[in-house]
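>
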Amino acid sequence: MKDIWITDWPTSTRFPHYTRANAGEVLANPVSPLGWTFGWDGGIVAGYKAGLIRCGLYEDSDFDPHHPESVACFGGYFYINLSAIRMQGARNPAATVEILDVAFFGDHPDVPSYVAHPDDNKPHLLPNLERHNEWVMSGSGWPELDDDKKAAADLRASRGDLSDYTMTQLLTRARSIQSQLPHLFSQHVVSGTSAAMAPGLLGVVAATLADPGLPMVLLSSLGDVDSADANYALWDLSRLVRNNPALTTAFNAGIDGVLDRITSQPFLAAWNTFLYEFGSRGPDEWDLGSPTWETHPQLALAAIDRVRLQVDAESPRLRNATRATQRDALIASARKQLISNPEISALLDAGITAGAMMAHRERTKTTIVRVIHEARIVFHEIARRNAHAHLVFQVLDSELDAYISDPQSLLGTLEQRHIEWQELFDLQPPFIIANATVPPLGQWPRRSAGAISLAQPNDVLQGVSGSPGIARGRARVVLDPSDPRDLQPGDVLVAPCTDPSWTPLFMTASAVVVDVGGQISHAVIVSRELGLPCVISVTDGTRRIPDGALIEVDGTSGTVSIVSLS
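All the letters of the sequence shown, read from the start, carry residue numbers 18 to 583 under the numbering used here.
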């Protein structure tokens, strides 16, 4: 194996630390060469930098002009620049690096200590930061996100029949979509960065009231979370199956060929509407080369097959409504307790208002993912016209014109590149890359060679509180959302990390445990929306928790207890 991969970046000496925290849920697997060079290098990275500057804590001179220190690619794996993100704690008087680290990493042992750099302190940026913070806490709304959402819907509607396009027209459409990525990702970075403000503000309130679980509950069931819409629609499809004997029989016969066995026109119409609206969702959806519900419908069908087993009383809408009622009651109680403490009471209101950024974060992501998907579909059409369809995502952005003109001219290069890219999937990327030093890829541990001891009865695995509550159930270790195995209602979903493609499985589970995650990660936000106990940052949880073991998840204390192995 080569020491570096074709898409890998140089490291930064100014911002030398990188992490897979939060990055692992964005892109769990190695990014395809086309996905990185066309999607990330070709647009998203510029938006990342612009969004950080908009938040007020950065300026253009902070960043390398060629490889802005926001993200990076090592071994084909996506990383976030930890050192650069820490500026949000170092330069913000209302935060600290320590608070930021907890939000990203929990108690992960490999996180390097913060060492100040002379350029970390930039007081001239404070007015920009203050204006941004005031906007976040003002509750004034963000109507531009509605415009972006509509534009994404219009883009989908403009697709038409891609088989009628010439190859040149296909590439022109892809380039037009690429040009939209910087703006859309800038919006996403602003919302994502700002989403970290609410937990910090409410943490101060929680300390005053001696209630450490308060922020988790107050940031639950926020409503208007776009990433939940697909799951409500999928739940509705699952109800059609559950309540229709013919549909149930069709699914009981297996996922393969299930659509061919279905004659119910209401279901097929609802299914087609579902794919039109939410076909962009799927695992690793930031990568052009990844499967989605539209390109690989069996992914969504497998989720429906699991969710249909859940009883109607476990509806995600009912769960959300119950948690919203609890949240409103807790807000009222907290305000009553703080009536004689106006300063902390003001922080409570500001934190609740700032919590809207979590919903904004899901909207900005949903919007850009839908736009990225339109480029993905273009490249799927290009692939359909070539004998070696699977190789199109091995093309670099700089090679696209040559590939469109003469695919055969790159055939040997792309075949070898595909072989080498597949080898990356067996690597275990370091959770932290410190001091600008990336180990040669040949030294990275192999998943196929790793072994770790299973937890035993009475063992307690420590993680970080994600969503409050206690649940007991059978552990179902799921490594791929397209293969939910034997996940049954009431089981505990144990996953390496999650993105929106996992969310349907949450509707079957009684609790969620993930290896990697922070307070603003996907698993936390969705668990809170659905009222599920959730524990994050359980190191090697998917490898230590025995599949099928009876476990107890305490989302308030952040622990997972092994009750028995059967």
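By construction, the Cβ of each residue, glycine as well, lies at the ideal position given by its N, Cα and C atoms.
Please read these numbers as outputs of a predicted model, since none were measured by experiment.
Could you compute how far the alpha carbon of residue 115 sits from the alpha carbon of residue 106?
For this step, residue 115 is matched to residue 98 along the sequence shown. For this step, residue 106 is matched to residue 89 along the sequence shown. Roughly 8 Å separates the two Cα atoms.
> Helix, strand or coil for residue 356, going by three-state DSSP, please let me know.
Here residue 356 is taken as the residue at index 339 of the sequence shown, counted from 1. Three-state result, residue 356: coil.
> Out of 499, 303, 516, state which residue places its alpha-carbon closest to the alpha-carbon of residue 393.
Your numbering for residue 393 matches position 376 in the sequence shown. Nearest of 499, 303, 516 to residue 393, Cα basis: 303.
> Roughly how many angstroms lie between the CA atoms of residue 486 and residue 230, to the nearest whole one?
On the sequence shown, residue 486 is found 469 positions in, with the first residue counted as 1. On the sequence shown, residue 230 is found 213 positions in, with the first residue counted as 1. Their backbone Cα atoms lie some 10 Å apart in a straight line.
> Looking at the secondary structure, which residues open and close the beta strand (DSSP E) in which residue 571 lies?
Reading the sequence shown from its first residue, position 554 is the one you call residue 571. It spans 567 to 571 - the beta strand (DSSP E) in which residue 571 sits, taken as one unbroken run.
> What is the residue span of the alpha helix (DSSP H) that residue 250 lies within?
As a first step, residue 250 must be located in the sequence shown, where it is residue number 233. That run of the alpha helix (DSSP H) goes 243 to 259.
> Can the beta-carbon of residue 333 be found less than 8 Å from the beta-carbon of residue 248?
Position 316 of the sequence shown holds residue 333. Position 231 of the sequence shown holds residue 248. Yes.
> Tell me whether the beta-carbon of residue 559 lies closer than 8 Å to the beta-carbon of residue 42.
Position 542 of the sequence shown, counting from 1, holds the residue named residue 559. Position 25 of the sequence shown, counting from 1, holds the residue named residue 42. Result no, Cβ atoms of residue 559 and residue 42 do not sit closer than 8 Å.
> How many angstroms separate the CA atom of residue 68 from the CA atom of residue 201?
Residue mapping note: residue 68 aligns to position 51 of the sequence shown, counting from 1. Residue mapping note: residue 201 aligns to position 184 of the sequence shown, counting from 1. Approximately 9 Å, taken between the alpha carbons.
> Ordered along the chain, which non-local residues of its own chain (more than five positions away) have a Cβ less than 8 Å from that of residue 504?
Position 487 of the sequence shown, counted from the first residue, corresponds to residue 504. Within the same chain, residue 504 has close Cβ partners 323, 493, 495, 510, 522, 525, 526.
> Since I believe residue 528 is in contact with residue 549 (beta carbons under 8 Å), could you give me their beta-carbon distance rounded to a whole number of angstroms?
The residue you call residue 549 lines up with position 532 of the sequence shown. The residue you call residue 528 lines up with position 511 of the sequence shown. Right, the Cβ-Cβ distance comes to about 6 Å (below 8 Å), so this counts as a contact.
> By alpha-carbon positions, which one of 583, 409, 538, 501 ends up nearest to residue 208?
What you label residue 208 is simply residue 191 of the sequence shown in a count that begins at 1. Closest option to residue 208, Cα to Cα, is 538.
> Need the endpoints of the beta strand (DSSP E) that residue 98 sits in, please.
Here residue 98 refers to the residue found at position 81 of the sequence shown. Run containing residue 98: 94 to 98, per the beta strand (DSSP E) assignment.
> From which residue to which residue does the alpha helix (DSSP H) around residue 143 run?
The residue you call residue 143 lines up with position 126 of the sequence shown. Counting along the chain, the alpha helix (DSSP H) containing residue 143 begins and ends at 143 to 155.
> For the alpha helix (DSSP H) that contains residue 396, what are its first and last residues?
For the purposes of this step, residue 396 is identified with residue 379 of the sequence shown, where counting begins at 1. Its alpha helix (DSSP H) spans residues 373 to 401.
> Distance check for residue 35 and residue 97, CA to CA, integer angstroms please.
Numbered from its first residue, the sequence shown carries residue 97 at position 80. Numbered from its first residue, the sequence shown carries residue 35 at position 18. Approximately 6 Å, taken between the alpha carbons.
> For residue 306, which residues from the same chain have a beta carbon less than 7 Å from its beta carbon, with the 5 sequence-adjacent residues on both sides left out?
The count along the sequence shown starts at 1 and reaches residue 306 at position 289. Around residue 306: 49, 51, 52, 410.
> Thinking C-beta only, is residue 375 closer than 8 Å to residue 239?
Residue 239 sits at position 222 when you count from the first residue of the sequence shown. Residue 375 sits at position 358 when you count from the first residue of the sequence shown. Yes, they are a contact pair.
> Do the CB positions of residue 301 and residue 45 come within less than 8 Å of each other?
Start at 1 with the first residue of the sequence shown, and residue 301 comes out as number 284. Start at 1 with the first residue of the sequence shown, and residue 45 comes out as number 28. Cβ atoms of residue 301 and residue 45: closer than 8 Å.
> Which whole-angstrom value is the C-beta distance of residue 577 and residue 553, which I expect to be below 8 Å?
Start at 1 with the first residue of the sequence shown, and residue 577 comes out as number 560. Start at 1 with the first residue of the sequence shown, and residue 553 comes out as number 536. Not confirmed; about 11 Å, so no contact.
> Roughly how far, in whole angstroms, is the beta-carbon of residue 372 from the beta-carbon of residue 215, given that I think they are within contact range, below 8 Å?
The sequence position of residue 372 within the sequence shown is 355, counting from 1. The sequence position of residue 215 within the sequence shown is 198, counting from 1. Right, the Cβ-Cβ distance comes to about 4 Å (below 8 Å), so this counts as a contact.
> Return the residue from the list 435, 478, 87 that minimises the CA-CA distance to residue 531.
The residue labelled residue 531 in the question sits at position 514 within the sequence shown. Looking at the Cα atoms, 478 is the closest of the given residues.
> Alpha helix (DSSP H) containing residue 576: first to last residue?
Taking the sequence shown and counting its residues from 1, one reaches residue 576 at position 559. It is not in any alpha helix (DSSP H) - residue 576 instead sits in the beta strand (DSSP E) that spans 576 to 581.
> For residue 541, count neighbouring Cβ atoms within 10 angstroms of its own Cβ and tell me buried if that reaches 16, exposed if not.
Counting from 1 along the sequence shown, the entry for residue 541 is found at position 524. It is buried - the Cβ of residue 541 has at least 16 other Cβ atoms within 10 Å.
> If you drop the 5 nearest sequence neighbours on each side, which residues of the same chain put their C-beta closer than 6 Å to that of residue 413?
Working through the sequence shown from its first residue, we reach residue 413 at position 396. So the list reads 50, 54, once near-sequence residues are dropped.
> Specify the secondary structure class of residue 218 as computed by DSSP and reduced to three states.
Translated into the one-based positions of the sequence shown, residue 218 becomes position 201. Residue state, collapsed to three classes: helix.
> Alpha carbons only, please: which of 205, 29, 377, 314 is nearest the one belonging to residue 83?
Residue numbering aside, residue 83 sits at position 66 when the sequence shown is read from its first letter. Of the candidates 205, 29, 377, 314, the one whose C-alpha sits nearest the C-alpha of residue 83 is 29.
> Indicate whether residue 387 and residue 297 have their beta-carbon atoms separated by less than 8 Å.
Counted from its first residue, the sequence shown places residue 387 at position 370. Counted from its first residue, the sequence shown places residue 297 at position 280. Against a cut-off of 8 Å, the Cβ pair of residue 297 and residue 387 comes out as a contact.
> Considering only the beta carbon of each residue, do residue 382 and residue 205 sit closer than 8 Å?
Position 365 of the sequence shown, counted from the first residue, corresponds to residue 382. Position 188 of the sequence shown, counted from the first residue, corresponds to residue 205. Yes, the Cβ-Cβ distance between residue 382 and residue 205 is below 8 Å.
> Can you find at least 3 beta carbon pairs, one from the segment 163 to 176 and one from the segment 343 to 359, that sit closer than 8 Å?
Result no; under three Cβ-Cβ pairs closer than 8 Å.
> Here's a check: name, in chain order, each residue in its chain whose Cβ is nearer than 8 Å to the Cβ of residue 435, leaving out the five neighbours to either side.
Your numbering for residue 435 matches position 418 in the sequence shown. Same-chain partners within the cutoff: 407, 408, 411.
> Identify the continuous alpha helix (DSSP H) that holds residue 488 and give its terminal residues.
Taking the first residue of the sequence shown as 1, we reach residue 488 at position 471. It is not in any alpha helix (DSSP H) - residue 488 instead sits in the beta strand (DSSP E) that spans 487 to 494.
> CB-CB under 8 Å to residue 138, same chain, minus the five flanking residues each way: which ones, in chain order?
Within the sequence shown, residue 138 is the residue found at index 121, counting from 1. 107, 108.
> Quick one: is residue 141 buried, meaning 16 or more other Cβ sit within 10 Å of its Cβ, or exposed?
Start at 1 with the first residue of the sequence shown, and residue 141 comes out as number 124. The residue in question, residue 141, is exposed, as its Cβ has fewer than 16 Cβ neighbours within 10 Å.
> Residue 31: which of 385, 24, 21, 101 sits nearest, CA to CA?
The residue you call residue 31 lines up with position 14 of the sequence shown. The shortest C-alpha separation from residue 31 is found at 101.
> Tell me the rounded alpha-carbon separation between residue 465 and residue 299.
Counting from 1 along the sequence shown, the entry for residue 465 is found at position 448. Counting from 1 along the sequence shown, the entry for residue 299 is found at position 282. Answer to the nearest angstrom: the Cα atoms are 25 Å apart.
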